[in-house]
Structures are given as structure tokens and as C-alpha cells.
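Have a look at the structure below before the remarks.
2 protein chains.
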Amino acid sequence: MGESSGRRGGRRAARNPLSRAEVIDAALRYVDLHGLDALTMRALATEMGVYPTALYWHTGTKAQLVAAVSARVLEDIVLPADHGMAWDEWLTEVARLCRQAMHRHPNLAPILGSQLVVSTTAVPFAERVVGVLERAGFSGRDLVEVYNAVVGFVLGWVTLELSSVPADVEEGWQKEYAAQLRTVNPNTFPALTRNLSLLENNAFLVRWDSGRDRPMDGSFETALELLLLGLHAKLTAQ
Amino acid sequence: MGESSGRRGGRRAARNPLSRAEVIDAALRYVDLHGLDALTMRALATEMGVYPTALYWHTGTKAQLVAAVSARVLEDIVLPADHGMAWDEWLTEVARLCRQAMHRHPNLAPILGSQLVVSTTAVPFAERVVGVLERAGFSGRDLVEVYNAVVGFVLGWVTLELSSVPADVEEGWQKEYAAQLRTVNPNTFPALTRNLSLLENNAFLVRWDSGRDRPMDGSFETALELLLLGLHAKLTAQ
DNA sequence: ACCTGAACACCGTTCAAGT
DNA sequence: ACCTGAACACCGTTCAAGT
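Chains as they are written, first to last, in our numbering: chain A, 3 to 240; chain B, 3 to 240.
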């Protein structure tokens with residue numbers, strides 16, 4: 003693999019032009035490696051051995067490129083077949099697959115969670131989930147709201163799990179925060195004090211490591227369990 | 003109110019110096035008015051009638067300022083008293099209060115949802131929720147995981163609800179997307195086709211307006227109902 | 001303590017020009 | 001069709017200097 007053949011190292015053969023898919027893939031790799039803030043039209047261009055403005059031809063504006071990248075992440079969720087599988091099993095499995103896909107690209111979670119999906123790539127996903135919920139016994143307005151409850155829970159929860167501190171802030175405040183928690187007044191914070199060893203760095207608002215480094219597997223499974231218990235209860239109630 | 007007295011309009015009296023709280027409040031107002039992307043150290047500075055570098059003295063780096071602003075939003079959630087109130091009622095009420103607080107500052111939702119809370123202002127919140135869940139009957143590892151399930155659901159779900167399209171992308175693709183949905187193949191997308199009138203622009207992944215403009219009240223209430231049904235079921239199961 | 005003012009090393013994006 | 005190359009109007013941040 004001589005220098006002359008490849009496209010890496012900022013070098014490019016004069017022939018074989020870029021493609022839209024190539025740019026999107028390169029951007030995803032770049033974000034995975036260097037973080038979302040580091041993604042720059044100029045940086046990505048040099049990485050690809052091309053002038054910054056060449057990217058505009060293929061993927062448009064930076065915002066459009068980022069939207070395309072986030073759509074790409076959803077694309078490689080392959081849903082399991084749902085015939086011969088209980089609806090609740092299937093939903094559980096799909097929820098875990100979504101979480102896995104997001105965990106594969108934790109630096110993109112802020113976009114996944116806060117940006118409206120602009121692509122039709124998610125339509126097959128919606129179809130399958132709606133179909134399975136229909137099969138479970140939901141219909142009409144209930145169906146829509148249950149769908150939103152489920153999808154919003156999964157994507158939203160994992161977004162929060164993967165949230166992290168901006169590179170700038172995280173100097174030494176983690177230790178500081180941990181110390182502050184341990185010296186909290188037991189009279190004004192009795193519940194926290196009782197459960198501190200279990201809570202600290204394991205619970206939302208009382209942790210300092212991202213779910214990217216400290217996955218909250220147990221809590222996700224519990225949340226999923228609660229959701230499915232709720233779905234069953236709602237079905238038997240009506 | 004003459005021009006000489008105020009601090010608005012890019013003018014400032016030479017006396018009465020800035021304060022940290024003043025900068026944070028101004029930044030929050032600015033984000034509410036002009037969006038998160040528009041928040042710029044330079045823009046905020048001119049808004050406050052001051053040089054950009056003056057802000058650094060009070061709130062540090064831009065990332066630190068944004069973190070402080072997001073902490074401020076959580077701060078003005080005032081939790082109701084929980085004595086003489088069933089635990090499930092209280093949780094429902096608190097969930098709604100959180101959602102309301104986020105809806106008051108929709109432009110900040112991306113930060114709330116994707117950035118680890120770096121301040122101790124959320125500690126009292128955690129104390130109260132943990133305490134109420136203890137009272138409900140949870141303890142030990144279960145308590146922590148149920149806490150995470152609940153908090154992650156509320157904050158995460160609303161983050162997703164408030165997600166929106168970046169200013170750049172939203173040219174005319176909404177109509178285009180709506181049209182594409184309506185011409186979808188009924189054979190490959192039967193469930194979607196059956197429920198299209200209820201789903202379109204109302205369901206995650208199949209909508210083009212943000213929850214900021216089109217609040218998903220019903221779906222949030224359903225999600226909350228499912229969560230509480232789940233909690234009750236889990237309690238009676240053990 | 002609090003702010004000015006200049007300066008540095010970046011950005012995204014437009015547009016004409018090349019091939 | 002696809003890319004170069006220059007140019008424009010911005011950024012965040014550091015740092016010395018003022019008061």
C-alpha cells in the first residue's frame with residue numbers, strides 16, 4: 003500500500019472523484035474519532051485531501067452534512083423479523099438495538115437527541131414499530147400516543163445517558179463535585195445520604211462520568227421493564 | 003426612561019459593574035430570543051454594551067457560560083411539598099413541572115439533554131425524587147435504577163419532543179416530506195398507511211414541526227401513565 | 001476588581017475560475 | 001460534473017494595558 007495508491011494522509015489521486023456517501027462516512031468517522039466540536043469543514047477537507055469548498059458540492063452546508071450523518075446512524079439499525087415473536091419481546095429487542103447503535107457513536111448523541119430527523123430513512127422503522135403495537139392491541143389515538151411514548155423513551159433516555167461534559171469545563175471539577183456530595187448535610191439530604199454509595203456517579207444529576215464511559219445498563223433494563231409493564235397494564239385495563 | 007439611565011441598546015453607565023448572575027440571565031434571554039446558534043460572546047457583549055472579553059471575567063469560557071445557563075433553567079423548578087400527597091401523584095406533578103420548565107426555554111433543550119449537569123443545583127431535586135421513591139417502597143439497587151428510569155424518561159423524552167431542524171436545512175423540505183409520506187407504498191407500509199392521518203406530523207420520526215410549535219401533550223401524558231403503571235406493577239410484583 | 005483594546009488563529013460560506 | 005483558490009465576514013480566546 004504505497005502512498006500513491008490511497009486517499010488517506012491528506013493525499014488523493016487526481017482521478018476518482020468524491021461521492022456524497024464517501025463524505026458522510028468520512029464525517030462520521032471523524033466525529034467518532036475526534037468529537038463533534040472538532041468536526042470542521044476545513045478539518046474534514048484536509049482529512050480527505052481536498053479543498054473545504056469541495057465538500058459543499060456533495061453534501062451542502064455543514065448543518066446539512068451533520069443531518070445526513072445522523073440519519074446514517076439510524077440507517078444501520080437492522081430490525082429483527084417480528085413473525086413468530088411476541089410483540090413485547092420484539093420491542094425489547096428493538097430498544098436494545100437502538101441503544102447499541104447510539105452507543106456506537108456516542109459523540110453524535112447530542113444531534114440524534116436534539117435534531118428533528120429530516121430523512122425518510124426512518125420511515126421503515128416507524129412502520130415496523132407501529133405495526134407491532136397494532137398487533138399488541140393498540141389502535142387509533144392510543145396507538146399514536148403509545149408509539150410516541152415508546153420511541154421517545156428509548157431515544158430520549160439514551161441521549162441523556164450519553165450526555166457528557168464539554169471538553170472545556172471538565173478540568174478538575176469531577177473530584178470537587180464528588181467531594182461536595184460526600185460532605186452534604188445528612189439532615190437536609192437524608193435520602194441522598196442513605197444511598198450515596200449506590201447513587202454517586204451512577205445516577206442522573208449525581209454523576210460526573212458520561213454513559214459513554216460508564217454505561218447504565220441496569221437502569222436501562224429497568225426502564226424498559228417499567229415501560230413494558232406499563233404497556234401490559236394499559237392493555238388489560240381496556 | 004431616557005437613554006442615559008438604562009443599560010439596554012448597547013449602552014452602559016460607566017459605573018455599576020456587571021455580575022455573574024447578570025451575564026447568565028442576559029445569555030438565557032438572548033438564547034430564548036435568538037436561538038442557541040446565535041449566542042456568541044461578541045453578540046452577547048454588544049447586547050450588554052460591553053467588550054466581549056469582559057464576559058470572560060465573570061463567566062469564563064463560552065462552554066462554561068452555557069453550562070451555567072442550563073443549570074439556571076433547572077434551578078427555577080420549584081418542587082411541590084410531598085407530605086399529604088401520594089407518591090405517584092407527586093411524581094406526576096414533578097414530571098409535568100420539568101416539562102414546563104424545558105418548554106419555557108426550548109432553544110436550550112439540546113444542552114439540557116446532551117450535556118452532563120455540572121452544578122450542584124440539581125442535588126436538592128435528586129434528594130426529593132429519591133426520597134419519594136423510597137417512600138413508594140423501592141430500596142437499594144432497585145431504587146437507583148428506578149430513579150434513573152424516571153428521571154431519564156422525563157428529561158430525555160422532552161428533549162426529543164423539543165428537537166427541531168437546524169435553521170439551515172428547513173427550506174422547503176417539510177412540504178416535500180409530507181408529500182413523500184402520502185405517496186408511500188401501501189403494501190410495504192401498511193400500518194403507516196392505515197394510521198397516516200393520525201401519525202403525520204404527530205409522531206416521532208414522522209413529523210416535521212418541533213414540539214416547541216406543536217406540543218405533544220397527549221403523548222407525554224400517555225408516557226407518564228405507562229411509567230406509573232409500570233412502577234405500580236413492579237411494586238406489587240415484589 | 002473589573003474592563004478595554006488589540007491581536008491571533010481559527011471558522012463557514014460565496015463565488016468566480018479552472019478542467 | 002467536480003474541484004480549486006481567493007476572499008469575506010465572522011468566530012473564541014489570550015494577553016497586556018488601563019482604571
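The C-beta atom is built at its ideal place from N, Cα and C for all residues, glycine as well.
Asked	Found
Alpha carbon to alpha carbon, how far is Ser-165(B) from Asp-90(B)?	28 Å
Kindly indicate which three-state DSSP category Ser-221(A) falls into: helix, strand or coil?	helix
Using the three-state DSSP reduction, which class does Gln-240(B) fall into: helix, strand or coil?	coil
Answer with yes or no whether the minimum CB distance from Lys-177(B) to chain A is below 8 Å.	no
Does the beta carbon of Glu-24(A) sit closer than 8 Å to a beta carbon anywhere in chain B?	no
Please report the straight-line C-alpha distance between Gln-117(B) and Glu-163(B), rounded to a whole angstrom.	17 Å
When the cut-off is 8 Å and only beta carbons count, does Gly-220(A) lie next to chain B?	yes
Measuring CB to CB, does Val-125(A) end up less than 8 Å from Val-80(B)?	no
With 8 Å set as the bound, which would you pick, yes or no: does the beta-carbon of Pro-217(B) sit closer than that to a beta-carbon of chain A?	no
Hey, is Gln-182(B)'s beta-carbon within less than 8 Å of any beta-carbon in chain A?	yes
Using a Cβ-Cβ distance cut-off of 8 Å, determine whether Leu-237(A) contacts chain B.	no
Could you tell me which chain B residues have their CB closer than 7 Å to the CB of Asn-204(A), listed as they occur along the chain?	Val-146
By how many angstroms is the C-alpha of Leu-99(B) removed from the C-alpha of Ser-6(B)?	Unreliable positioning characterises Ser-6(B) in this predicted model, as indicated by a pLDDT of 33, which lies under 50. A coordinate reading is not provided.
Give the secondary structure of Ser-141(B) by DSSP, where H, G and I count as helix, E and B as strand, and everything else as coil.	coil
Note down, in chain order, every chain A residue with its Cβ under 9 Å from the Cβ of Ser-166(B).	Ser-116, Gln-117, Leu-118
If you reduce the DSSP assignment to three classes, tell me which class Ala-166(B) lands in.	The sequence as given places Ser at residue 166(B); Ala does not occur at that position. It is a strand residue.
Under the three-state reduction of DSSP, which class applies to Gly-11(B): helix, strand or coil?	In this prediction, Gly-11(B) has a pLDDT of 44, which is less than 50 and means its spatial position is unreliable; what the coordinates show is noted afterwards. In the structure shown, Gly-11(B) sits in coil (DSSP, three-state: anything other than H, G, I, E or B).
If you check the beta carbons only, do Ala-73(A) and Val-119(A) fall under 8 Å apart?	yes
Taking the beta carbon of Glu-178(B) as the centre, do at least 16 other beta carbons fall within 10 Å, making it buried, or is it exposed?	exposed
Quick check: is the beta carbon of Pro-112(A) nearer than 8 Å to any beta carbon in chain B?	yes
Once you ignore the five residues that flank Tyr-32(A) on each side, which residues in its own chain have a CB closer than 8 Å to its CB?	Ala-40, Leu-41, Ala-45, Leu-46, Glu-49
Which whole-angstrom value is the C-beta distance of Thr-161(A) and Gly-115(A), which I expect to be below 8 Å?	3 Å
Is there a Cβ from chain B that is less than 8 Å from the Cβ of Arg-101(A)?	no
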